[in-house]
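Quick note, the sequences are listed as chains A, B and C, same order.
Residue numbering for the first sequence follows this note's numbering, starting at 12 and increasing by one per position.
Residue numbering for the second sequence follows this note's numbering, starting at 12 and increasing by one per position.
Residue numbering for the third sequence follows this note's numbering, starting at 12 and increasing by one per position.
Where is the CB? At the ideal position from N, CA and C, for every residue including glycine.
Since the model is a prediction, treat every value here as computed from it, not as a measurement.
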Amino acid sequence: MTAALTVADIAARVGGSVEGDPDRPISGLAAAENAGPGDLTMVVDEAWARRLGDISAAAALVPLDLALSMPQVSLVRVENPRLALAVVAPLFVPEEMPEPGVSPTADVHLDAVLGERVSVGPCAVVGPGAVIGDDTHIGALTFVGGGATIGRSCRIDPSCTVGGRVRMGDRVHLFSGARLGTDGFGYTPGPSGLVKVPQIGRCIIGDDVEIGANTTVDRGALGDTVIGAGTKIDNLVLIAHNTHIGPNCIIVGQAGTAGSVRLGEGVQLGGQVGIADHVSIGDGTRIVGQSGVFRDKPAGGTYFGSPALPQREALRAISGFRRLHELLKRIKALETAVFGKGE
Amino acid sequence: MTAALTVADIAARVGGSVEGDPDRPISGLAAAENAGPGDLTMVVDEAWARRLGDISAAAALVPLDLALSMPQVSLVRVENPRLALAVVAPLFVPEEMPEPGVSPTADVHLDAVLGERVSVGPCAVVGPGAVIGDDTHIGALTFVGGGATIGRSCRIDPSCTVGGRVRMGDRVHLFSGARLGTDGFGYTPGPSGLVKVPQIGRCIIGDDVEIGANTTVDRGALGDTVIGAGTKIDNLVLIAHNTHIGPNCIIVGQAGTAGSVRLGEGVQLGGQVGIADHVSIGDGTRIVGQSGVFRDKPAGGTYFGSPALPQREALRAISGFRRLHELLKRIKALETAVFGKGE
Amino acid sequence: MTAALTVADIAARVGGSVEGDPDRPISGLAAAENAGPGDLTMVVDEAWARRLGDISAAAALVPLDLALSMPQVSLVRVENPRLALAVVAPLFVPEEMPEPGVSPTADVHLDAVLGERVSVGPCAVVGPGAVIGDDTHIGALTFVGGGATIGRSCRIDPSCTVGGRVRMGDRVHLFSGARLGTDGFGYTPGPSGLVKVPQIGRCIIGDDVEIGANTTVDRGALGDTVIGAGTKIDNLVLIAHNTHIGPNCIIVGQAGTAGSVRLGEGVQLGGQVGIADHVSIGDGTRIVGQSGVFRDKPAGGTYFGSPALPQREALRAISGFRRLHELLKRIKALETAVFGKGE
Numbered sequence: 012m013t014a015a016l017t018v019a020d021i022a023a024r025v026g027g028s029v030e031g032d033p034d035r036p037i038s039g040l041a042a043a044e045n046a047g048p049g050d051l052t053m054v055v056d057e058a059w060a061r062r063l064g065d066i067s068a069a070a071a072l073v074p075l076d077l078a079l080s081m082p083q084v085s086l087v088r089v090e091n092p093r094l095a096l097a098v099v100a101p102l103f104v105p106e107e108m109p110e111p112g113v114s115p116t117a118d119v120h121l122d123a124v125l126g127e128r129v130s131v132g133p134c135a136v137v138g139p140g141a142v143i144g145d146d147t148h149i150g151a152l153t154f155v156g157g158g159a160t161i162g163r164s165c166r167i168d169p170s171c172t173v174g175g176r177v178r179m180g181d182r183v184h185l186f187s188g189a190r191l192g193t194d195g196f197g198y199t200p201g202p203s204g205l206v207k208v209p210q211i212g213r214c215i216i217g218d219d220v221e222i223g224a225n226t227t228v229d230r231g232a233l234g235d236t237v238i239g240a241g242t243k244i245d246n247l248v249l250i251a252h253n254t255h256i257g258p259n260c261i262i263v264g265q266a267g268t269a270g271s272v273r274l275g276e277g278v279q280l281g282g283q284v285g286i287a288d289h290v291s292i293g294d295g296t297r298i299v300g301q302s303g304v305f306r307d308k309p310a311g312g313t314y315f316g317s318p319a320l321p322q323r324e325a326l327r328a329i330s331g332f333r334r335l336h337e338l339l340k341r342i343k344a345l346e347t348a349v350f351g352k353g354e
Numbered sequence: 012m013t014a015a016l017t018v019a020d021i022a023a024r025v026g027g028s029v030e031g032d033p034d035r036p037i038s039g040l041a042a043a044e045n046a047g048p049g050d051l052t053m054v055v056d057e058a059w060a061r062r063l064g065d066i067s068a069a070a071a072l073v074p075l076d077l078a079l080s081m082p083q084v085s086l087v088r089v090e091n092p093r094l095a096l097a098v099v100a101p102l103f104v105p106e107e108m109p110e111p112g113v114s115p116t117a118d119v120h121l122d123a124v125l126g127e128r129v130s131v132g133p134c135a136v137v138g139p140g141a142v143i144g145d146d147t148h149i150g151a152l153t154f155v156g157g158g159a160t161i162g163r164s165c166r167i168d169p170s171c172t173v174g175g176r177v178r179m180g181d182r183v184h185l186f187s188g189a190r191l192g193t194d195g196f197g198y199t200p201g202p203s204g205l206v207k208v209p210q211i212g213r214c215i216i217g218d219d220v221e222i223g224a225n226t227t228v229d230r231g232a233l234g235d236t237v238i239g240a241g242t243k244i245d246n247l248v249l250i251a252h253n254t255h256i257g258p259n260c261i262i263v264g265q266a267g268t269a270g271s272v273r274l275g276e277g278v279q280l281g282g283q284v285g286i287a288d289h290v291s292i293g294d295g296t297r298i299v300g301q302s303g304v305f306r307d308k309p310a311g312g313t314y315f316g317s318p319a320l321p322q323r324e325a326l327r328a329i330s331g332f333r334r335l336h337e338l339l340k341r342i343k344a345l346e347t348a349v350f351g352k353g354e
Numbered sequence: 012m013t014a015a016l017t018v019a020d021i022a023a024r025v026g027g028s029v030e031g032d033p034d035r036p037i038s039g040l041a042a043a044e045n046a047g048p049g050d051l052t053m054v055v056d057e058a059w060a061r062r063l064g065d066i067s068a069a070a071a072l073v074p075l076d077l078a079l080s081m082p083q084v085s086l087v088r089v090e091n092p093r094l095a096l097a098v099v100a101p102l103f104v105p106e107e108m109p110e111p112g113v114s115p116t117a118d119v120h121l122d123a124v125l126g127e128r129v130s131v132g133p134c135a136v137v138g139p140g141a142v143i144g145d146d147t148h149i150g151a152l153t154f155v156g157g158g159a160t161i162g163r164s165c166r167i168d169p170s171c172t173v174g175g176r177v178r179m180g181d182r183v184h185l186f187s188g189a190r191l192g193t194d195g196f197g198y199t200p201g202p203s204g205l206v207k208v209p210q211i212g213r214c215i216i217g218d219d220v221e222i223g224a225n226t227t228v229d230r231g232a233l234g235d236t237v238i239g240a241g242t243k244i245d246n247l248v249l250i251a252h253n254t255h256i257g258p259n260c261i262i263v264g265q266a267g268t269a270g271s272v273r274l275g276e277g278v279q280l281g282g283q284v285g286i287a288d289h290v291s292i293g294d295g296t297r298i299v300g301q302s303g304v305f306r307d308k309p310a311g312g313t314y315f316g317s318p319a320l321p322q323r324e325a326l327r328a329i330s331g332f333r334r335l336h337e338l339l340k341r342i343k344a345l346e347t348a349v350f351g352k353g354e
């Protein structure tokens, strides 16, 4: 915790300008509705501001152009309050990283290779030939399979699984219960029931990827499953075998990609979206929550529905769908007028 | 196991009345289709009764007004057979709670505070400053982060994660693989890729909450995520950061709430329902399975579809949807009649 | 790794015929796009072949009738390339099974019964009275509850949960994070809030079942939950209490079955499908991804949509849905012609 930061200090750190008293001391961060007279908070848009009544925060990070009447709060105007908050948060809430070293209750194989300043938590298990980069933390109760490689400055939270064929870059963050490098789901009819198609490929995770709690990322069947650098994946997502995800994608919770899906750069999948096998989605395309995509989509669009349509078409069709009962009545009236007593 | 209970004893325990032989001995509980001549079972409605042929149970808990012709079975008539079963089940299947004490293979930090009669299972990990209330059980292989607080008489099943910023009430039950207090999913564009928005809030779980297997409940970003007392959450549900759920809600499996959702008291979400971010749902409202809710809903309604409509409207629209092919033909016939050879 | 296999050797193993050089040596398996001059790959259909440019593989398993012009690649023609790959894969990628024995960091209760050649991984926990069949592997950090029975030659991957009331057949494979035999989700209104309905049944898993990562299979309430022999279940699937699944079903990721669902033999559920409680689905029926099934379906059909329709009807209705905006205009034009200035 820092001794004494003022509103002006905060503004200097984030390149913002102050409206109101620049000398108020700031000792913590809090949501606007909970903030007390020593707290910094943020307000990101008008809807957010409307939901708040009077707030007791000392100061708020706000966008350059947001009209606000909170005379009692010092405003720090910045281009992107969320980004500014990310800059100042470590001043108040230092990230807790465990001390380097291997817990006495961890089970690390003698043939595992640990870099400098690696920490391995209680009851974690690391298999033979696993390679773990400098400054990486392996959480309690996590399993790292024999032969896996994990880069530098990664943070693997408690109770994850990193399969032996995982190749992980640097600064990757896995949340509890994430399962990486598990076998894909592939069967073929055999002489006496279903036979498993070999699942022997790798699972390649780029730098700066984050993978949410209880999310699963299968290894490739013959080829690889690939998650591009900077991509962020939420909780309970399913990434099937041989999926290739480009860099800087955002995949929201409970979405799923079937086998051999291709996502370009900066693709966004909303919550509970499903992408059918072998479908490709172009750079920057957004799929709205709960949509189902059964065919390729070009770059730069926005799609909605199951099957997904261009958003504008989808909204028009949905509007018609809501009026179907009325349309039916209008058709009946026309039929009566044109044909006499209809139906 | 109890030595000798009769049908009359059961009826007395649950305030029910007996039809048939009150003296038959009952030694166990079983589903109607598996029940033998010493078993008590239940039949809750007509559909249930129709699915059964002759049954061999000694007795059945049945509703006051259900017409049944099972002369060989003693009936115990009660208002709510499920509730009656909950009352008598402990007589036959005592809940197995482990002996108090810390397993020798658990790793409990010296600075954790354990109440009276706490049990900690094998290979469980409890961090510094965690506080665990009297009579609580921490299952094998579960992780309790430093600083977490868990109330009295809680039951944390094997392989759960309780993050350091969790504040849990009394009599909470977590099922295997539940992840509480993990970071929320929030990113903002930065100068070189996505930057994580700080996720530093708490995760507050009320008394008597149950949280299903492999469900995830993220901590708040700046504020808190809150689950109201008595709320029951099924498996594989996603509760995102800053969601506030009222008391006595029922959230069925694979449903998900995006960030900052508000659910009132007694709200019911069906399986695979999705609620978009910042949406509020009023007290007692029910959302039917697989629906997607993108806008606020008032109290007391029932909604269906994606986007969700009032159930009655949704059913009418769906009925029209199924007739769209026919409507198209009727429009063509009208066009031919009115305009001559149409299209 | 095998010293020296030729294309002809591969063909002999799988009963295939060679087109091209039968004497090229094969030293590994790879996806077509990654394969080098010593690798065997497979190409299963025309679409797959089209996606490939020139490939460098030594040989490819291909269907009998697939037209291919890859003169530099030796072709091994077989009926089902995936099945052939399953036959030859162990020659190149031997399945890694751990040595028999109990890890020193595992916690196996003295009253557990372990068969011949059982292996128990690091930090695994096995409760009293559990019975584990010959040649079965219990992965690291997995929990097997007191009283559970697991058959022969099963493979339980790291970090699974096998509840005490699980009865598992032979050759079952559980992937990381699978939760079997957890309590079902059943509550009934009581005098002061929701009361849990007893969940005391069993969870019965047939021979040769595979259950994916982070999937949950609840125990029965009074009766049993049953998964038929040979059924394959993908990741993040929810199987609720008292579901009965027939043999040789395929259940794709993130699908869910509510309580007391019945699936016949060889039923296929696509990804993210939901089946409402008490619904029965006949033998061999297929439900397309993201569909929702609220009513019983007969054997042998294919269904799509939410609520699900026969696929042909669903596709017709969806085609009408996309034209709703146009239909509305056509109705307006008719109204103007018939009634004068419409609406």
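Asked	Found
Check distances from the C-beta atoms of the region 27–44 of chain B to those of chain C and list, in chain order, the residues that come in under 7 Å.	40, 41, 42, 44
Could you please give the first and the last residue of the uninterrupted alpha helix (DSSP H) stretch that includes residue 25 of chain C?	18–25
How about residue 264 of chain C: is its C-beta nearer than 9 Å to some C-beta of chain A?	yes
Tell whether a beta-carbon distance below 9 Å holds between residue 48 of chain B and residue 68 of chain B.	yes
What does residue 327 of chain A reach in chain C if we use C-beta pairs closer than 7 Å?	336
Are the C-beta atoms of residue 85 of chain C and some chain A residue less than 9 Å apart?	no
Along the alpha helix (DSSP H) that carries residue 347 of chain C, what are the first and last residues, could you check?	335–350
Once DSSP output is grouped into helix, strand and coil, what is the label at residue 54 of chain B?	coil
Just to make sure I have the definition right: I need the residues of chain C whose C-beta is within less than 9 Å of the C-beta of residue 52 of chain B. Which are they?	233
Curious, which full-length beta strand (DSSP E) runs of at least 3 residues does the region 212–254 of chain B contain?	213–216, 227–229, 235–238
Can you pull the chain B residues whose beta carbon is under 7 Å from the beta carbon of residue 105 of chain A, in chain order?	Correct list: empty, because the minimum Cβ distance to chain B is about 10 Å.
Is the Cβ-Cβ distance between residue 6 of chain A and residue 192 of chain A less than 9 Å?	Because chain A here runs from 12 to 354, residue 6 of chain A falls outside it and cannot be looked at.
For the region 148–177 of chain B, list every residue whose C-beta sits within 7 Å of some C-beta in chain F, in sequence order.	The chain inventory of the structure shown lacks chain F, comprising the protein chains A, B and C.
What does DSSP give as the partner residues of residue 179 of chain B in its beta bridges?	B:216
With DSSP as the reference, identify every bridge partner of residue 267 of chain A, one or two as the case may be.	A:249, A:285
Considering residue 103 of chain B, what are the terminal residues of the alpha helix (DSSP H) in which it resides?	92–103
Do residue 120 of chain C and residue 195 of chain C come within 9 Å of each other at the CB atom, strictly closer than that value?	no
Grab the span of the beta strand (DSSP E) containing residue 28 of chain A for me, first residue to last.	28–30
For a quick check, are the C-beta atoms of residue 113 of chain A and residue 142 of chain A less than 9 Å apart?	no
Report the residue from B:291, B:51, B:122 whose alpha carbon sits nearest the alpha carbon of residue 254 of chain B.	B:291
Given a threshold of 16 other Cβ atoms within 10 Å of its Cβ, counted over all protein chains shown, does residue 311 of chain C qualify as buried or as exposed?	exposed
Taking Cβ to Cβ, would you say residue 197 of chain A is nearer than 9 Å to residue 232 of chain A?	yes
For residue 317 of chain B, is the classification buried or exposed, using 16 other Cβ atoms within 10 angstroms of its Cβ as the cut-off for buried?	buried
Please report the residue range of the beta strand (DSSP E) in which residue 152 of chain B lies.	Per DSSP, residue 152 of chain B belongs to no beta strand (DSSP E) and is neither H nor E.
Give a yes or no on whether the C-beta atoms belonging to residue 304 of chain C and residue 275 of chain C are separated by under 9 Å.	no
Could you give the DSSP three-state label for residue 12 of chain A: helix, strand or coil?	Per-residue confidence for residue 12 of chain A stands at a pLDDT of 44, beneath the threshold of 50, marking its modelled position as unreliable; no derived number is given.
If the cut is a Cβ gap below 9 Å, which residues of chain B does residue 247 of chain C touch?	225, 247, 265
State the start and end residues of the unbroken beta strand (DSSP E) segment that holds residue 85 of chain B.	85–89
Which residues, in order along the region 109–134 of chain B, keep a beta-carbon less than 8 Å from a beta-carbon of chain C?	114, 116, 132, 133, 134
Inspect the CB distances between the region 17–28 of chain C and the region 79–93 of chain C and report whether three or more fall short of 8 Å.	yes
Say whether chain C places a C-beta atom closer than 9 Å to the C-beta of residue 343 of chain A.	no
Within 10 angstroms of the Cβ of residue 97 of chain B, are there 16 or more other Cβ atoms? Answer buried if so, exposed if not.	buried
Strictly by DSSP, which residues pair up with residue 116 of chain A?	According to DSSP, which records beta bridges pairwise, residue 116 of chain A is partnered with nothing at all.
Output, in chain order, the set of chain A residues within a Cβ distance shorter than 9 Å of residue 243 of chain C.	196, 198, 205, 207
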